[in-house]
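Going by my numbering, the sequence shown opens with residue 115, and the numbers climb by one from there.
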Amino acid sequence: MNAKETQAKMDREVDLRKLVAKLDREIFGVRTTLTELQKAVHYNTTIECTIEPDGFHGKSYEAFKVAMEGES
115 MNAKETQAKM
125 DREVDLRKLV
135 AKLDREIFGV
145 RTTLTELQKA
155 VHYNTTIECT
165 IEPDGFHGKS
175 YEAFKVAMEG
185 ES
């Protein structure tokens, strides 16, 4: 291999490395955008609710019914 062939091969390798680096930056941008989109969709589709206490906790249903009948 002479000097010109070696230089041409090295230039091709440099060009390939530049393209791979550019592709890596683009993929990172796409992944960042997809992550933001996923967070936005999750935030917009998540439902928030509050459960009010009903006095039933820790009792059987029968004991709860008896207690409710005793109060009325």
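By construction, the Cβ of each residue, glycine as well, lies at the ideal position given by its N, Cα and C atoms.
DSSP state of residue i mapped onto helix, strand, coil
i, result
"Met-115", "coil"
"Thr-160", "coil"
Residue i at chain C interface by Cβ criterion, 7 Å
i, result
"Met-124", "The structure shown contains no chain C; it holds only a single protein chain."
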